[in-house]
Amino acid sequence: NAGVTQTPKFQVLKTGQSMTLQCAQDMNHEYMSWYRQDPGMGLRLIHYSVGAGITDQGEVPNGYNVSRSTTEDFPLRLLSAAPSQTSVYFCASSRPRGEGEQYFGPGTRLTVT
Amino acid sequence: GENVEQHPSTLSVQEGDSAVIKCTYSDSASNYFPWYKQELGKGPQLIIDIRSNVGEKKDQRIAVTLNKTAKHFSLHITETQPEDSAVYFCAAKIEYGNKLVFGAGTILRVKS
Numbered sequence: 001n002a003g004v005t006q007t008p009k010f011q012v013l014k015t016g017q018s019m020t021l022q023c024a025q026d027m028n029h030e031y032m033s034w035y036r037q038d039p040g041m042g043l044r045l046i047h048y049s050v051g052a053g054i055t056d057q058g059e060v061p062n063g064y065n066v067s068r069s070t071t072e073d074f075p076l077r078l079l080s081a082a083p084s085q086t087s088v089y090f091c092a093s094s095r096p097r098g099e100g101e102q103y104f105g106p107g108t109r110l111t112v113t
Numbered sequence: 114g115e116n117v118e119q120h121p122s123t124l125s126v127q128e129g130d131s132a133v134i135k136c137t138y139s140d141s142a143s144n145y146f147p148w149y150k151q152e153l154g155k156g157p158q159l160i161i162d163i164r165s166n167v168g169e170k171k172d173q174r175i176a177v178t179l180n181k182t183a184k185h186f187s188l189h190i191t192e193t194q195p196e197d198s199a200v201y202f203c204a205a206k207i208e209y210g211n212k213l214v215f216g217a218g219t220i221l222r223v224k225s
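Same order as they appear, the protein sequences are chains R and L.
FYI, the numbering for the first sequence is 1 to 113, going by our numbering.
FYI, the numbering for the second sequence is 114 to 225, going by our numbering.
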């Protein structure tokens, strides 16, 4: 199993550009989530999904959209990037209802200039 | 909502010494408390977790203690080794709930 994969590893955007961060898992996990990691602030939940077709907001959802059309994929979209979205983004997955261990991907480092 | 505070933010210890990281949480309904280790350039990885029906759990050199009355839990690493150097995060949530809340992290440096 590859576990949780994320692409790209690094990305530089200009203010106002849009992009999609990709996340995929091959563990047949129903629960998937996106976090952003900023210095001194730990990991903060952006959006999560409890299964295909179901998404919900986390702690810091503004400026981000998600969709979950399949169990495997959970892309994160930035519609109009802002410097405040400069961060490291992690995708994670786990068994239903976030039970037990969350498995994290390797992260995407995003810089918005 | 839940709020998790973690201390210290940085911790330096000599190889072979013990390290202790402490966290407090605010939501008395939380009953699942994992600890994650993050190495440079990688995603966090679960190292140990504890549920509210136990007060302590051990796994080799790592132990976690939980005081539900005081709403705090701690990570203990004994006989530290250079490979223990990393960022450690505590977290809390209601088990079977959907939102895991993390502390701000502790940078642990083990000096050889």
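From the three backbone atoms N, C-alpha and C, an ideal C-beta is built for every residue, glycine too.
Taking any Cβ of chain R, which residues in the region 139 to 171 of chain L have a Cβ under 9 Å from it, in chain order?
Tyr145, Pro147, Tyr149, Gln151, Gly154, Lys155, Gly156, Pro157, Gln158, Leu159, Asp162
Hey, does Tyr221(L) have any beta-carbon neighbour from chain R nearer than 9 Å?
Working through the second sequence from its first residue, we reach residue 221(L) at position 108. In the sequence under discussion, the amino acid at residue 221(L) is Leu, which differs from the Tyr named in the question. Chain R, which has no Cβ nearer than 9 Å to the Cβ of Leu221(L), makes this no.
6 Å Cβ shell around Val60(R) - same chain, five flanking residues per side excluded
Translated into the one-based positions of the first sequence, residue 60(R) becomes position 60. Closer than 6 Å at Cβ, skipping near neighbours: Arg44, Ile46.
Are any of the Cβ atoms in chain R nearer than 9 Å to that of Val177(L)?
One-based indexing of the second sequence puts residue 177(L) at position 64. No, Val177(L) lies away from the interface with chain R (no Cβ there is under 9 Å from its Cβ).
What span of residues does the beta strand (DSSP E) with Gln85(R) cover, start to end?
Here residue 85(R) refers to the residue found at position 85 of the first sequence. Segment: none, Gln85(R) is in no beta strand (DSSP E) and carries neither H nor E.
Collapsed DSSP secondary structure at Asp73(R) in the structure displayed
Locating residue 73(R) in the first sequence gives position 73, counting from the first residue. Three-state result, Asp73(R): strand.
Count the other CB atoms within 10 Å of the CB of Asp197(L); is the residue buried (16 or more) or exposed (fewer)?
Residue numbering aside, residue 197(L) sits at position 84 when the second sequence is read from its first letter. By the 10 Å Cβ count, Asp197(L) comes out buried.
Quick check on the DSSP output: the beta strand (DSSP E) that includes Gly51(R) runs from which residue to which?
For this step, residue 51(R) is matched to residue 51 along the first sequence. Counting along the chain, the beta strand (DSSP E) containing Gly51(R) begins and ends at 43 to 51.
At the 9 Å Cβ level, is Val66(R) part of the contact set with chain L, yes or no?
Counted from its first residue, the first sequence places residue 66(R) at position 66. No, because no Cβ of chain L sits closer than 9 Å to the Cβ of Val66(R).
Between Glu72(R) and the rest of its own chain, which residues show a CB-CB distance below 7 Å, the 5 nearest in sequence each way excluded?
For the purposes of this step, residue 72(R) is taken as the residue at position 72 of the first sequence. Excluding sequence neighbours, Glu72(R) sits near Ala24, Gln25, Asp26.
Any contact between the region 1 to 19 of chain R and the region 62 to 72 of chain R? By contact I mean 3 or more CB pairs, one from each, below 8 Å.
no
Buried or exposed by the 16-neighbour rule on C-beta atoms within 10 Å, applied to Gln6(R)
Counting from 1 along the first sequence, the entry for residue 6(R) is found at position 6. So Gln6(R) ends up on the buried side.
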